[in-house]
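Chains A and B, in that order, give the protein sequences. Going by the numbering used here, the first sequence opens with residue 56, and the numbers climb by one from there. Going by the numbering used here, the second sequence opens with residue 56, and the numbers climb by one from there. Heads up, the beta-carbon is just placed ideally off N, CA and C, and yes, glycines get one too. What you are looking at is a predicted structure, and each value in this text was computed from that prediction instead of being measured.
Number of protein chains: 2
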Amino acid sequence: MASSFSSNADFSRTAKLPRPPVMAPVPRMRVAIVGFGTVGRSVAHILTEQPSCFQITHICNRAVERKRVSWVPRDVQWTEDFAAIVTSDADVVVELLGGLAPAFEWVRAALLAGKSVVTANKQLIARHGPELADLARRRGCRLEFGASVAGGVPVLSGLQEGLAGDRLSRICGILNGTCNHILSRIETDGVSFEKALREAQKLGLAEADPTEDIEGLDARAKLTILARVALRTQIDPEEVHCAAISPVEAVDFAYAADLGCTIRQVSRAEVHGDRLLASVQPALVPLDSPMGRMHGSRNLVIATGQYGGETVFSGHGAGGDPTAVAVVSDLAAIGRSGPWQVSESAPIRRAVSAEFVTRHYLRFTVKDRPGIIASLASELAGHGINIDAVFQRRGFPKDCLPFVISLEECASSTLDRALREIESCDFFVKPTLSLPMLA
Amino acid sequence: MASSFSSNADFSRTAKLPRPPVMAPVPRMRVAIVGFGTVGRSVAHILTEQPSCFQITHICNRAVERKRVSWVPRDVQWTEDFAAIVTSDADVVVELLGGLAPAFEWVRAALLAGKSVVTANKQLIARHGPELADLARRRGCRLEFGASVAGGVPVLSGLQEGLAGDRLSRICGILNGTCNHILSRIETDGVSFEKALREAQKLGLAEADPTEDIEGLDARAKLTILARVALRTQIDPEEVHCAAISPVEAVDFAYAADLGCTIRQVSRAEVHGDRLLASVQPALVPLDSPMGRMHGSRNLVIATGQYGGETVFSGHGAGGDPTAVAVVSDLAAIGRSGPWQVSESAPIRRAVSAEFVTRHYLRFTVKDRPGIIASLASELAGHGINIDAVFQRRGFPKDCLPFVISLEECASSTLDRALREIESCDFFVKPTLSLPMLA
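Written out as structure tokens, the structure is:
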């Protein structure tokens, strides 16, 4: 027996030799691009560099005449009429419109017509992903959305395929480059939130209406998709608790630094039995942690698995070229495997809660007088919340004095109740800022 | 025209409706595990937790009786006879033997018999990967090796699939956890290389014969695989220049810190036209860079693409569970798509060179006397190499004095020539240590 383990027996003689399948020549993939903005142009650029693999059949955009460029092949049809694509011989529709209307109807129409769809549309996938994926399956085609989370960072494929063998229980990361840019700017240069936002708008890093980014709605759509793909949990984006980054001031970075921390917009989701804890909010993270070190507009995702521990992905989360890489990688994935995917275990519904148990940072801004800390301490103690430390930096005016209390671990709802009662105290000159402190 | 762009037309009526393909019920994948050490046991653990997807048919190991465990299903066949697997109904062989013999013959036999193979064997794939992949293609089965580089970090799938749409030109990273552990230990506690190595051996982090790790042979096998997958470049592992980490001393970390740097074993490969620059060697990296911040035995890979810029992957590169995650993810990938892969453009051969142009760190150890720096400076100048700065820390004995010269950018071969000439000077009491300084 032992000898056969290390023998050089000629296995080719004993082996059954099934006939290899015949490999058909691979045809070019016919791709229609819908939405011809920055990302659409980057996609077209990359595809035209690989004419043996891809043929662009259509470019569809509102007022398409002003979009025409000379560097795409002449046989591309420029159109405003999506119906022409639905009835065409395009194999795959690349949807880069963003938003829900008309993207939802159009993607549905493409799938119904048996065309695979690649989309970068996070709102569409967060809200209608399961329904559209189901339609794709029934129509024998593919729906791919690798570009919808973290742009060029291959996090969805990494989680879905590279970590398929693990059981993931936690996702956390920095999913919105605009917020990270603004917070980095306040941290580094001590500017106000408003100034940092205006600058980001000038640089084209923030929209004229920055609500989606600042209030966390952009990140929560991505977190919803990550929860589905990585944690096999189906939730609605509206169920995720969001808090805006706008109340964060330069002074908070100074106090955070006293605690060995900085502040980032953190998106996190964690499976706890039949519940999913999830939130998007500014949070204190250690200065020397992967999130703390993430400056500028890059994205970062940390996945925690039962077997593999923590795996970190980071890179350029937005921008035309990185997002286009994700789109073209999805096209390649469709080309590589068959038209349909083996059904995976369907994500399950879990109740969503933001009831994380963590340490907290409270920044109060008061008109100073004796007894304030004593009165806050006794209110907190009344809710069973323990104070860890009190920080008061010098150099602030007495009538608008920011100071910080760090708390030991408590449930966020307990703290919220305490803060609602404390709110009524007459010494406050600004709303209190409460941030979780992540280890 | 504009109206149809935003219309709510009922596309389902206009659409052609091809018949969806019939989805056959998915059978369980029959898996034979060959090599039942730490990784093999972890793989068996994960597979037995998913009995609806996987059935372990065989566990094959030398002296298999001492390997038997009670927690695998009773119908698993324990065997020392690989031929029994080749002629069995197993769909996939998981090869966890390591080394070239008998792994190469056995993997070949499995593929010839039409069985897909998943392997964690970096030496096998570095040396015989293309030949085995070709055989798999011809036999209509799959060869997957996600676990061969960076264990549980899904870097191969990320590069191959997630970044398929990009054109990657550069890979660099920390591919050997043992070396990174040893260097971190010297850095943090100032111990000698020998002591750090002995400790790593006691902890089970280094082999009794640590040559493969210390001299870079382990990392160069991984770099060879990364070059093939990410840079589409076929090289032989022996072509990659390697330098051992053993000459690095605690004093080098002190001098490196004066330069804002630390020292890591860095593996890197870069496409330059028809050449591939490649090396595995200790190098100075900035303290605040992703590589500089990587402590302990984790792995890190940074890929640089034409469109997506830098993408970073990191996580646990070794250990039973993380490696098993990669193996099971490969099994899932085989289950998910058809049995064969669409042929990708074959990797091309490129000449390999270690001729990186970088700044360098030179640590000389001398018996001090006047004129040493002048004489070294004039030797270097004679080869057109410019000195950037000279560092001399206090507190060392005059007869064994380490000091450092940092150089401006030059080609490594120019520097090697200069150092060979300088070598003969009579004031040296130890060989000179030359390390590249990476930005």
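DSSP beta-bridge partners of residue i
i             : result
residue 354/A : 370/A
residue 322/B : 228/B, 335/B
residue 408/B : 332/B
residue 455/A : The partner list for residue 455/A (beta bridge, DSSP) is empty, contrary to what the question assumes.
residue 416/A : 461/A, 490/A
residue 466/B : 412/B
residue 133/B : 114/B
residue 327/B : 330/B
residue 288/A : 403/A
residue 260/A : For residue 260/A, which the question treats as bridged, DSSP gives no partner whatsoever.
residue 223/A : 360/A
residue 317/B : 340/B
Residue-chain proximity (residue i, chain A), Cβ-Cβ < 9 Å
i             : result
residue 242/B : no
residue 343/B : yes
residue 360/B : yes
residue 221/B : yes
residue 371/B : yes
residue 146/B : no
residue 376/B : yes
residue 248/B : no
residue 217/B : yes
residue 69/B  : With a pLDDT of only 40 at residue 69/B, under 50, the local geometry of the prediction cannot be trusted, and no value is derived from it.
residue 209/B : yes
residue 280/B : no
residue 461/B : no
residue 88/B  : no
Whole-Å CB distance - residue i paired with residue j, under 8 Å assumed
i             : j             : result
residue 369/A : residue 353/A : 6 Å
residue 96/A  : residue 372/A : 19 Å between Cβ atoms; not a contact.
residue 179/B : residue 223/B : Actually they do not touch by this definition, with Cβ atoms about 24 Å apart.
residue 198/B : residue 187/B : 5 Å
residue 493/A : residue 413/A : 7 Å
residue 227/A : residue 357/A : 5 Å
Per-residue DSSP class, three states only, for residue i
i             : result
residue 479/B : coil
residue 443/A : strand
residue 234/A : helix
residue 364/B : strand
residue 296/A : strand
residue 96/A  : helix
residue 198/A : strand
residue 108/B : coil
residue 401/B : coil
residue 474/B : helix
residue 382/B : helix
residue 85/A  : strand
residue 377/A : helix
residue 340/A : strand
residue 306/B : helix
residue 421/A : strand
residue 427/B : helix
residue 281/A : helix
residue 394/A : For residue 394/A, the predicted structure reports a pLDDT of 44, less than 50, and the residue's modelled location is therefore unreliable. The matter cannot be settled from this model.
residue 102/B : helix
residue 214/A : helix
residue 138/B : helix
residue 205/A : coil
C-beta neighbour in chain B for residue i, strict 9 Å
i             : result
residue 380/A : yes
residue 365/A : yes
residue 383/A : yes
residue 201/A : yes
residue 72/A  : Residue placement at residue 72/A is flagged as unreliable, the pLDDT there being 41, under the threshold of 50; the coordinate-derived value follows with that caveat. Interface residue, yes.
residue 299/A : no
residue 212/A : yes
residue 391/A : yes
residue 386/A : yes
residue 171/A : no
residue 323/A : no
Counting only runs of 3+ residues fully inside the stretch 141 to 191 of chain B, write out the beta strand (DSSP E) ranges in chain order. List check, beta strand (DSSP E) in window: 147 to 150, 171 to 174.
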